[in-house]
Amino acid sequence: MTTKPKARIYNWRRKRSGSGTAEARADAMSRIREATSAPEAANEPQPGTVIDDIKREGLTGRQLRIARRLAHKHGLAATSDYDAVRLLRKKGIDPFERASLLDLAAEKKRAEDETTDKVKIQLPQTFSEGPQTLPGPELNPAQRREFEIGEIQKDIARRRRRKLFALFARLAVFVLLPTVAVGMYFYRYATPMYASDSAYSILQADGGGAAFGGFLAGTQYATAQDSVATQEFLESKDALIRLERDMGFSDIFKQEWIDPIQRLAPDASLEETYKLYKRMVTIGYDPSDGIIRMEVAAPDPDIAVGLSEKLLSYAEETINGLSELKREDQMRDALESFELAQEDRRQAQEALIELQLQGAILDPENVIVGLRTRINTLETQLQEKELQLAALLDNLRPNKAKVDGARADIARLEAVLEELNAEMLDVSGGENSLARLSVRIQMAQADLAARDMMLQTAMQQMETTRTEANRKVRYLSVSVNPVPSQDPTYPRKFENTILAFLLFAGIYLMISLTASVLREQVSS
14 MTTKPKARIY NWRRKRSGSG TAEARADAMS RIREATSAPE AANEPQPGTV
64 IDDIKREGLT GRQLRIARRL AHKHGLAATS DYDAVRLLRK KGIDPFERAS
114 LLDLAAEKKR AEDETTDKVK IQLPQTFSEG PQTLPGPELN PAQRREFEIG
164 EIQKDIARRR RRKLFALFAR LAVFVLLPTV AVGMYFYRYA TPMYASDSAY
214 SILQADGGGA AFGGFLAGTQ YATAQDSVAT QEFLESKDAL IRLERDMGFS
264 DIFKQEWIDP IQRLAPDASL EETYKLYKRM VTIGYDPSDG IIRMEVAAPD
314 PDIAVGLSEK LLSYAEETIN GLSELKREDQ MRDALESFEL AQEDRRQAQE
364 ALIELQLQGA ILDPENVIVG LRTRINTLET QLQEKELQLA ALLDNLRPNK
414 AKVDGARADI ARLEAVLEEL NAEMLDVSGG ENSLARLSVR IQMAQADLAA
464 RDMMLQTAMQ QMETTRTEAN RKVRYLSVSV NPVPSQDPTY PRKFENTILA
514 FLLFAGIYLM ISLTASVLRE QVSS
């Protein structure tokens, strides 16, 4: 076997196993010694060809330096590092094995002893392979790049596994374990609650108001304010106090067989009872159809029905109180206006009667008119008598008896006329004259007529107000009566467990994102 095949076999073994095991190295060295101890063949490869093979082995600079030092120590005239490797291998020495150095030192000592003793000892020697501590052959850049990429990928995979394990551990601690605890509470320890559902609406009396209010009459918008007021009352502490007085609401939830989370403490305050009341009594108002829906939960279905009926009675009383208060307010104002108008008319009528009684004449104006009529009549007769006397005096020989009679009539008429004029002057003059009294009576009559009109208006307004008040009467109409439930409504085990899982997961996600952002800010 030639040296070139042996070197290739050695290089193949060395590339495959790195630095190689002690047995492989020993086998390679033995084969190299056999190849070098055999006589050189005629077809031995040229040194340049062997050097090219050595170059293709990818030896590092450190290995080449070691080979050059060994060649110099053995007295080999090497022209280059690769030539030193060739010469050492040709001599049967492996320059890249640490154990070979010890062998060389031993051979050198034996050579010195042989030189000294002139005795050549060819006995077999024991060979012990020491631990391999030399580094493997240095890789070429492509192999080194592949090796480093592989190491990086392994490190990334290791980090991913570690982070994934830490993530699952955190999720188990902060999400899964609390969810399991909540689920165990709902499925095993939570006291079942029975809900009683009811629905009612507030109706208005038939008939619509005037103007814009008439368009809303009979719709859910006409009673929206009353519905909201009823809902607020049922959700208030006032309803809780009345329910506590009538049915003992807190005593129902202080029983020992109720779970600690839903059970009230024996010395629970009003605020704690009110928190439990808001959880057990749910009231919702739908403005689209004007229906108020109420759900009452209790440990016993019959108790839930009793609580619902009590709350419905409270709602009916509240509605009646609200409508009655409105009616009383409107009717009170209308009655006050009507009574005031009646009092004013009574005073005006009394004033007129007093004026009429003051002059002892029921109608002074007619008295004055009568005097004027009599005066006018007497004046007319006086003018006729004067004309008649003038006609008698126009005769040459007038009749003395007729003339005297005419003159006597004229005198009598003038006397009566003077008396009537004097009486007329007495009536028209002075503070208590009939003329002044007549004017005052006329003013009193006008005032009485105005008071009559005001009284009539107040009466019409009172009737209108009464009609409107009757139209504003509210009625509580129960469309769904409370019925005892056979199966417990609460707790909703699956839904509450899923909700708890989502809640814990959301909290964990929020805290993780916040921590990541803060860590990013601090690191940057």
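FYI, the numbering for the sequence shown is 14 to 537, going by our numbering.
Glycine is no exception: its CB is placed at the ideal position from the N, C-alpha and C atoms.
This one's a predicted model, so the numbers in the text were calculated from it and none came from an experiment.
Remark: C-beta atoms of Leu391 and Val429 approach each other more closely than 7 Å. The beta carbon of Pro314 is closer than 8 Å to those of Tyr207, Ser209, Pro497, Ser498, Gln499 in its chain, skipping five residues each way along the sequence. Only exposed fits Gln166, as fewer than 16 other CB atoms lie within 10 angstroms of its CB. Straight-line measurement puts the Cα of Glu427 at about 19 Å from the Cα of Leu405.
By the Cβ-count criterion, Phe246 is buried, with 16 or more other Cβ atoms from all chains shown falling within 10 Å of its own Cβ. Distances from the alpha-carbon of Arg453 to those of Ser301, Glu367, Glu257, Asp66 put Glu367 closest. Contact between Ile305 and Tyr213 holds: their C-beta atoms lie close to 6 Å from each other, under 8 Å. Within the segment 325–368, no complete beta strand (DSSP E) segment of 3 residues or longer occurs. Collapsing the DSSP output to three states places Ile304 in a strand. In this structure, the straight-line span from the alpha carbon of Tyr503 to that of Arg292 is close to 12 Å. In the assembly as shown, Pro300 is an exposed residue. Its beta-carbon has fewer than 16 other beta-carbons within 10 Å. Taking the Cα of Ile388 as reference, the smallest distance to any Cα among Asn434, Gly334, Lys413 is reached at Asn434. For the set Lys413, Met467, Ala424, Gly383, the Cα lying nearest the Cα of Lys398 is the one of Ala424. By the neighbour-count criterion, in which a residue is buried when 16 or more other Cβ atoms sit within 10 angstroms of its Cβ, Phe262 is buried.
With the rule of 3 Cβ pairs closer than 8 Å, the segment 267–279 does not count as touching the segment 175–193. Around the beta carbon of Ala459, fewer than 16 other beta carbons lie within 10 angstroms, which makes this residue exposed.
Pro312 and Pro501 have their C-alpha atoms roughly 9 Å apart. Looking only at Lys86, Gly71, Ile64, the smallest Cα-Cα distance to Arg99 is reached by Ile64. By the Cβ test, the segment 250–270 is not in contact with the segment 346–357, since fewer than three Cβ pairs between them sit closer than 8 Å. Counting only runs of at least 3 residues, the segment 472–515 fully encloses the following beta strand (DSSP E) elements, listed from N- to C-terminal order: 487–493. The DSSP-derived three-state label of Ile296 is strand. DSSP places Leu89 outside any alpha helix (DSSP H), giving it a letter other than H or E.
Look at the beta carbons and you see the segment 279–294 touching the segment 246–256: at least three pairs across the two are nearer than 8 Å. For Pro495, the number of other beta carbons within 10 angstroms of its own is at least 16, and it is reported as buried. Here Gln275 carries a coil assignment [DSSP, helix/strand/coil].
Exclusion of the five residues before and after Leu395 leaves Leu426 as the residues of its chain whose Cβ lies within less than 6 Å of its Cβ. A Cβ-Cβ contact shorter than 7 Å links Phe199 with Lys506. In the structure shown, Ser214 falls within a strand segment according to DSSP collapsed to helix, strand and coil. In the three-state reduction of the DSSP assignment, Ala281 falls in the coil class, being assigned neither a helical nor a strand state. Ranking Leu324, Ala252, Leu512, Met475 by CA distance to the CA of Glu341 puts Met475 first. Across the set Ala281, Tyr488, Lys103, Thr527, the C-alpha of Tyr488 shows the shortest separation from the C-alpha of Asn333.
When only Cα atoms are considered, Tyr298 and Ile511 end up about 28 Å apart. Taking 7 Å as the cut-off, the Cβ atoms of Leu72 and Leu83 do not count as close. Per DSSP, reduced to three states, the secondary structure at Ser525 is helical. Counting of Cβ neighbours within 10 angstroms places Tyr95 among the buried residues, the total reaching 16 or more.
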